[in-house]
Amino acid sequence: MIPCDDESTDLLSLARATYDNRRMDAKVDRDGTIIVLSLEGAIDVASAPQLKAHFDQLLAHAAPKLLVDLGRVPYIDSYGLGIIMQAVKNARRSGGDVRLCAPCQDVRTILDITGFSK
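Residue numbering for the sequence shown follows the numbering used here, beginning at 291 and increasing consecutively.
Structure (structure tokens):
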């Protein structure tokens with residue numbers, strides 16, 4: 291076991307603060323019958339539960355049409371992709387749909403590699 295001194299405690303505090311500040315911001319707008327969910331920040335294992343909560347709330351309406359703006363999302367991991375995939379399935383099951391728009395090049399590459407952009 292490595293003893294915990296002041297220096298390592300400071301590093302641990304810094305790491306926790308950095309991790310806690312990694313959050314995703316979301317803004318919801320309506321454009322006619324379409325709900326626009328604009329996201330900002332990484333979609334990863336830390337922010338995916340927050341994204342799932344947004345989807346659950348927005349998809350609770352009958353036949354929702356949801357457009358997810360990824361223009362300010364620099365990164366998405368497999369956990370985040372899974373949350374989006376489940377949202378698409380849930381929306382389509384109720385006669386709605388979820389579409390993604392404006393991904394940055396890095397996110398676009400991930401969507402292409404995983405076959406999500408088809």
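Note that the Cβ used here is the ideal one computed from N, Cα and C, for glycine as well.
Inter-residue spacing [alpha-carbon to alpha-carbon] between residue i and residue j
i, j, result
"E330", "A381", "22 Å"
"L357", "A336", "22 Å"
"Q395", "A338", "20 Å"
"T404", "G370", "12 Å"
"H351", "A332", "26 Å"
"A353", "M314", "26 Å"
"R383", "V363", "27 Å"
Cross-strand partners of residue i (DSSP beta bridge)
i, result
"L356", "I325 and V388"
Contacts around residue i, its chain only, beta-carbon distance under 7 Å, and the 5 residues preceding and following it disregarded
i, result
"I400", "I366"
"A377", "F345, L349 and V388"
"F406", "L371"
Nonlocal neighbours in the same chain, by C-beta distance under 8 Å from residue i, ignoring five residues either side
i, result
"R320", "V326"
"D361", "The amino acid at residue 361 is misidentified as Asp; the sequence shows Gly. Answer for G361: S328, C391, A392, P393 and C394, listed in chain order."
Any non-hydrogen atom of the ligand ZN within 6 Å of residue i CB
i, result
"C394", "Of the ligands one can find in the structure shown there are none, so the ligand ZN has no counterpart to examine."
For residue i, the first and last residue of its enclosing alpha helix (DSSP H)
i, result
"Y369", "S368 to R383"
"P339", "A338 to L348"
Beta-carbon contacts of residue i that lie in its chain and below 6 Å, excluding the five residues immediately before and after
i, result
"I373", "A338, L341 and K342"
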